[in-house]
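Enquirer: These protein sequence lines are chains A and B, in that order. So that you can map any letter, position 175 of the first sequence is 288 in our numbering, and since no number is skipped, the others follow by simple counting. So that you can map any letter, position 25 of the second sequence is 138 in our numbering, and since no number is skipped, the others follow by simple counting. C-beta atoms are modelled at their ideal positions from N, C-alpha and C, and glycine is treated no differently.
Protein chains: 2
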Amino acid sequence: MSNINRKEREMVERESRILAVARQIVVKDGYHGLSMDRIAEAIEYSKGTIYNHFPCKEEIIVSLGIETMERRIGLFQRASQFQGRSRERMQAIGVAAELFARLYPDHFFVEHMIRMSSIWEKASQSRRDLFQAAEMRCMSTVVEVVRDGIRGGDLELPSYVAPEEVVFGLWSLTSAAYSMAASNPNLTNLGVGEPFASVRELTRRLVDGFQWRPLTDEHNYDHVIERVLNEVFHFEFEKLNEAVYSNAAQINKQAETVTGN
Amino acid sequence: MSNINRKEREMVERESRILAVARQIVVKDGYHGLSMDRIAEAIEYSKGTIYNHFPCKEEIIVSLGIETMERRIGLFQRASQFQGRSRERMQAIGVAAELFARLYPDHFFVEHMIRMSSIWEKASQSRRDLFQAAEMRCMSTVVEVVRDGIRGGDLELPSYVAPEEVVFGLWSLTSAAYSMAASNPNLTNLGVGEPFASVRELTRRLVDGFQWRPLTDEHNYDHVIERVLNEVFHFEFEKLNEAVYSNAAQINKQAETVTGN
DNA sequence: ACAAATTGTGACTTTAGGTCAATTATTGAC
DNA sequence: GTCAATAATTGACCTAAAGTCACAATTTGT
Numbered sequence: 114m115s116n117i118n119r120k121e122r123e124m125v126e127r128e129s130r131i132l133a134v135a136r137q138i139v140v141k142d143g144y145h146g147l148s149m150d151r152i153a154e155a156i157e158y159s160k161g162t163i164y165n166h167f168p169c170k171e172e173i174i175v176s177l178g179i180e181t182m183e184r185r186i187g188l189f190q191r192a193s194q195f196q197g198r199s200r201e202r203m204q205a206i207g208v209a210a211e212l213f214a215r216l217y218p219d220h221f222f223v224e225h226m227i228r229m230s231s232i233w234e235k236a237s238q239s240r241r242d243l244f245q246a247a248e249m250r251c252m253s254t255v256v257e258v259v260r261d262g263i264r265g266g267d268l269e270l271p272s273y274v275a276p277e278e279v280v281f282g283l284w285s286l287t288s289a290a291y292s293m294a295a296s297n298p299n300l301t302n303l304g305v306g307e308p309f310a311s312v313r314e315l316t317r318r319l320v321d322g323f324q325w326r327p328l329t330d331e332h333n334y335d336h337v338i339e340r341v342l343n344e345v346f347h348f349e350f351e352k353l354n355e356a357v358y359s360n361a362a363q364i365n366k367q368a369e370t371v372t373g374n
Numbered sequence: 114m115s116n117i118n119r120k121e122r123e124m125v126e127r128e129s130r131i132l133a134v135a136r137q138i139v140v141k142d143g144y145h146g147l148s149m150d151r152i153a154e155a156i157e158y159s160k161g162t163i164y165n166h167f168p169c170k171e172e173i174i175v176s177l178g179i180e181t182m183e184r185r186i187g188l189f190q191r192a193s194q195f196q197g198r199s200r201e202r203m204q205a206i207g208v209a210a211e212l213f214a215r216l217y218p219d220h221f222f223v224e225h226m227i228r229m230s231s232i233w234e235k236a237s238q239s240r241r242d243l244f245q246a247a248e249m250r251c252m253s254t255v256v257e258v259v260r261d262g263i264r265g266g267d268l269e270l271p272s273y274v275a276p277e278e279v280v281f282g283l284w285s286l287t288s289a290a291y292s293m294a295a296s297n298p299n300l301t302n303l304g305v306g307e308p309f310a311s312v313r314e315l316t317r318r319l320v321d322g323f324q325w326r327p328l329t330d331e332h333n334y335d336h337v338i339e340r341v342l343n344e345v346f347h348f349e350f351e352k353l354n355e356a357v358y359s360n361a362a363q364i365n366k367q368a369e370t371v372t373g374n
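1. Leaving out the 5 sequence neighbours to the left and right, which residues in its chain are closer than 8 Å to Arg191(B) when beta-carbon positions are compared?
2. Going by alpha carbons, who is nearest to Val280(A) out of Glu234(B), Val139(B), Leu286(B)?
3. Could you check which residue in Arg127(B), Phe213(B), Gln238(B), Met226(B) has the C-alpha nearest to that of Asn165(B)?
4. If we cut at 8 Å on Cβ distances, does Ser159(A) have a partner in chain B?
5. Would you give the residue range spanned by the alpha helix (DSSP H) that Glu257(B) belongs to?
6. Could you tell me whether any Cβ in chain A is nearer than 8 Å to the Cβ of Asp267(B)?
7. Quick one: give me the first and last residue of the alpha helix (DSSP H) that Tyr273(B) is part of.
8. Output needed in chain order: residues of the stretch 192-219 of chain B with a Cβ under 9 Å from some Cβ in chain A.
9. At the 8 Å Cβ level, is Lys235(B) part of the contact set with chain A, yes or no?
10. Inspect the beta-carbon positions of Val320(B) and Arg200(B) and report whether they are closer than 8 Å.
11. Within 10 angstroms of the Cβ of Glu355(A), are there 16 or more other Cβ atoms? Answer buried if so, exposed if not.
12. Could you tell me which chain B residues have their CB closer than 8 Å to the CB of Ala290(A), listed as they occur along the chain?
13. Could you tell me whether the Cβ of Arg435(B) comes closer than 8 Å to any Cβ of chain A?
14. Closest to Met182(A) by CA distance: which of Tyr158(A), Ala155(A), Met249(A) is it?
15. What does Gly178(A) touch in chain B if you count any residue whose Cβ is under 9 Å from its own?
16. If you run the structure through DSSP and keep just helix, strand and coil, what is His145(B)?
17. Taking 8 Å as the threshold (beta carbon to beta carbon), is Arg313(A) in contact with chain B?
18. Relative to the alpha-carbon of Gly322(A), which residue among Phe167(A), Arg151(A), Gly282(A), Leu188(A) has its alpha-carbon at the smallest distance?
19. Under 8 Å Cβ-Cβ, which residues of chain B neighbour Ser148(A)?
20. Mind pulling the chain B residues with CB within less than 9 Å of Val255(A)?
21. Note down the Cα distance separating Gln324(B) from Asp142(A), rounded to an integer number of angstroms.
22. For Arg340(A), decide whether its Cβ has a neighbour in chain B, counting only Cβ atoms nearer than 8 Å.
23. So which of Arg215(B), Phe244(B), Gln363(B) has the shortest CA-CA distance to Asn297(A)?
24. Measuring straight from C-alpha to C-alpha, what distance separates Ser311(A) and Ala295(A)?
25. To the nearest angstrom, how far is it from the Cα of Tyr358(A) to the Cα of Arg318(A)?
26. Okay, do the stretch 161-180 of chain B and the stretch 249-267 of chain A touch, 3+ Cβ pairs below 8 Å being the bar?
27. Would DSSP call Asp219(A) helix, strand or coil?
28. Under 8 Å, with one C-beta from each stretch per pair, do the stretch 130-140 of chain B and the stretch 213-232 of chain B reach the 3-pair mark?
29. Have a look at His145(B) and Phe348(A) and give me their C-alpha separation to the nearest angstrom.
30. What's the C-alpha gap between Glu257(A) and Glu277(A)?
31. Measure the beta-carbon distance from Phe195(A) to Ala205(A) and round it to whole angstroms, keeping in mind my assumption that it falls under 8 Å.
32. Quick one, are the C-beta atoms of Ile156(B) and Arg119(B) less than 8 Å apart?
33. Which chain A residues are close to Val305(B), counting only those with a beta carbon under 7 Å from its beta carbon?
34. Measure the CB-CB distance between Gly304(B) and Ala275(A) and report whether it falls below 8 Å.
35. To the nearest angstrom, report how far apart Arg228(B) and Gly207(B) are at their CA atoms.
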């Protein structure tokens, strides 16, 4: 009995080790750097064993995507529980999205990669469904906030606009903008200096466009962002500051090396 | 002299044949269906010759993306010349974007594929630059319309918002939404029944959020869309209707076959 | 202690991107 | 028209990596 449990546990553990290793490799050396042989070497099992867990390479990637989406769901749910008016809670989700992108670049990178059509060509239907289910769960967290806005009277949507469509818009805008920012270093030349600030502005304007009260110019949403960072995401916020700080230190170090100081 | 010209012409012709064939294959059998051997067979040249044109498979795909972007630029430029107020011209570009997605599904499919990170990992910097230059040209067509809006006094952006950021938002929103619609057939379950209609609504709201006059409720933009379709994109509009019609006919035929009538 | 069942292994197959020495075609001088 | 020089084309070959499977090792139940 407990043997079965142990086996199962070992199975689960190994699976998550495979995924952890795969994520490392993929982040370090890109999609083409990820090979089954390398994973096998890293986890110290043979290739055949990996194939006992995943029927093909693509499914490993999709599984990474599922893990990523799950983590995002965690942040989103915490954000949606922020105490405040519906649109403030929406802003909280915006904070969660930005934190996620900045704090977990590995996850973010994988998510960017998973939009590759070539992966979906090979992954099994069931694994695809798993991912889409996770994505839907994440989106429905947001949809709930929109519904609360309608229920609370702060948002009135015309009959031909479903709450889901609002989320669809925010979701598309945010994910594509972050993706572009990550993959296109020329964005700055293009006039978009700080993609994260842009996205904050753009999502606000979009929500304003739906007349979700209080509108941007009726309320200090920067203040809400600060509150969310401190009250809901205190731990993550600290971590982000550290990361930014150590990053800056590293850049300084590099600069010193270059200038020979 | 003319020999050199002839050679060059032949070179260009063959290159576009390679791309045409590659596009066909990719649309029919996906990224994994596209192999150098298949292209070679289809154009009746050897593999080595293809490598005289393109240093790797990925560059072929990027080249397809450049062709696609070029075609989109054509539509966008025509749209931006629509006679009317700045925001009407913006609406015209929206029409162009939707027409493009619906009328050239092959191009659209390729564009979706090109967002794959694995392609960029291998393509040369110069080819990447070419694509990004094309993308920038396309976006700057739109930026010009935003600038006209500001010049004409219909749009006032706060100092901290660049015209490019507005375009960045519209661009992200639209491309991601179309992409999701193309790749995720479950969107309907998710509450987004007609992605194209959703995008029309969302982009309007976003532009409303920037207070670009006349606002949606001050002006009949559906009417503008109709005018753009008739005046600027008459040919394309006809073609789309035909496509929709023949598609419907085909569905009817299938239904007949199934029901045995 | 041992047979049965489960799990793990890595040599092997296949596929496809990429290379290059040899072949074929083109050019231009005489 | 001939022929050497140059350029273009070819496809056999190389290599990397996904995926398979017969055999080996281990675990389980009796």
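Expert: This is what the structure gives:
1. In the second sequence, the residue the question calls residue 191(B) occupies position 78. Counting only Cβ-Cβ distances below 8 Å, and skipping sequence neighbours, we find Ala209, Val345, Phe346.
2. Looking up residue 280(A) in the first sequence gives position 167. Comparing Cα positions, the closest option is Leu286(B).
3. The residue given as residue 165(B) occupies position 52 in the second sequence. When the alpha-carbon of Asn165(B) is set against those of Arg127(B), Phe213(B), Gln238(B), Met226(B), the nearest one is in Arg127(B).
4. Position 46 of the first sequence, counted from the start, is the residue given in the question as residue 159(A). So, not an interface residue.
5. Along the second sequence, one-based indexing puts residue 257(B) at 144. Note, Glu257(B): alpha helix (DSSP H), 238-264.
6. Here residue 267(B) refers to the residue found at position 154 when the second sequence is read from its first residue. Not one chain A Cβ lies under 8 Å of Asp267(B).
7. Your numbering for residue 273(B) matches position 160 in the second sequence. Bounds of any alpha helix (DSSP H) do not take in Tyr273(B), whose DSSP letter is neither H nor E.
8. none
9. For the purposes of this step, residue 235(B) is identified with residue 122 of the second sequence, where counting begins at 1. True, the Cβ-Cβ gap to chain A drops below 8 Å.
10. Along the second sequence, read from residue 1 onward, the residue named residue 320(B) stands at position 207. Along the second sequence, read from residue 1 onward, the residue named residue 200(B) stands at position 87. Yes; because the gap between Cβ atoms is below 8 Å, this pair is in contact.
11. Numbered from its first residue, the first sequence carries residue 355(A) at position 242. Per the 10 Å Cβ criterion, exposed.
12. Translated into positions along the first sequence, residue 290(A) becomes position 177. What Ala290(A) touches in chain B: Phe281, Gly282, Ser285.
13. This structure gives no information on residue 435(B), because the portion of chain B shown stretches from 114 to 374.
14. Here residue 182(A) refers to the residue found at position 69 when the first sequence is read from its first residue. Residue Met249(A) holds the alpha-carbon nearest to the alpha-carbon of Met182(A) among Tyr158(A), Ala155(A), Met249(A).
15. As a working mapping, residue 178(A) is identified with position 65 in the first sequence. What Gly178(A) touches in chain B: nothing, since even the nearest Cβ is about 13 Å away.
16. Taking the first residue of the second sequence as 1, we reach residue 145(B) at position 32. Three-state DSSP puts His145(B) in a helix.
17. One-based indexing of the first sequence puts residue 313(A) at position 200. It does not; no Cβ of chain B falls within 8 Å.
18. Translated into the one-based positions of the first sequence, residue 322(A) becomes position 209. It is Gly282(A).
19. To locate residue 148(A), count along the first sequence from 1; it is residue 35. At a C-beta separation below 8 Å, Ser148(A) has no neighbours in chain B, since its nearest C-beta there lies roughly 13 Å away.
20. Your numbering for residue 255(A) matches position 142 in the first sequence. Under the 9 Å cutoff, chain B gives no residues; its nearest Cβ is about 11 Å from Val255(A).
21. Stepping through the second sequence from its first residue, residue 324(B) is reached at position 211. Stepping through the first sequence from its first residue, residue 142(A) is reached at position 29. Distance between the alpha carbons of Gln324(B) and Asp142(A): 45 Å.
22. Residue mapping note: residue 340(A) aligns to position 227 of the first sequence, counting from 1. False, the Cβ-Cβ gap to chain B never drops below 8 Å.
23. The residue you call residue 297(A) lines up with position 184 of the first sequence. Taking only the C-alpha atoms, the option nearest Asn297(A) is Phe244(B).
24. Locating residue 311(A) in the first sequence gives position 198, where the first residue counts as 1. Locating residue 295(A) in the first sequence gives position 182, where the first residue counts as 1. Rounded to the nearest angstrom, the two C-alpha atoms are 14 Å apart.
25. Position 245 of the first sequence, counting from 1, holds the residue named residue 358(A). Position 205 of the first sequence, counting from 1, holds the residue named residue 318(A). Their Cα atoms are separated by approximately 31 Å.
26. The answer is no - the stretch 249-267 of chain A does not touch the stretch 161-180 of chain B, with fewer than three Cβ pairs under 8 Å.
27. For the purposes of this step, residue 219(A) is taken as the residue at position 106 of the first sequence. It is helical.
28. yes
29. By 1-based counting over the second sequence, the position of residue 145(B) is 32. By 1-based counting over the first sequence, the position of residue 348(A) is 235. Between His145(B) and Phe348(A), the C-alpha separation is close to 43 Å.
30. Reading the first sequence from its first residue, position 144 is the one you call residue 257(A). Reading the first sequence from its first residue, position 164 is the one you call residue 277(A). Those two C-alpha atoms are separated by around 9 Å.
31. Here residue 195(A) refers to the residue found at position 82 when the first sequence is read from its first residue. Here residue 205(A) refers to the residue found at position 92 when the first sequence is read from its first residue. So it is a contact: roughly 4 Å between Cβ atoms.
32. Taking the second sequence and counting its residues from 1, one reaches residue 156(B) at position 43. Taking the second sequence and counting its residues from 1, one reaches residue 119(B) at position 6. No, Cβ-Cβ distance for Ile156(B) and Arg119(B) is not below 8 Å.
33. On the second sequence, position 192 is the one that residue 305(B) refers to. Chain A residues near Val305(B): Glu277, Glu278, Phe281.
34. As a position in the second sequence, residue 304(B) is number 191, starting the count at 1. As a position in the first sequence, residue 275(A) is number 162, starting the count at 1. A contact, by the Cβ cut-off of 8 Å.
35. The residue given as residue 228(B) occupies position 115 in the second sequence. The residue given as residue 207(B) occupies position 94 in the second sequence. Arg228(B) and Gly207(B): Cα-Cα distance of roughly 21 Å.
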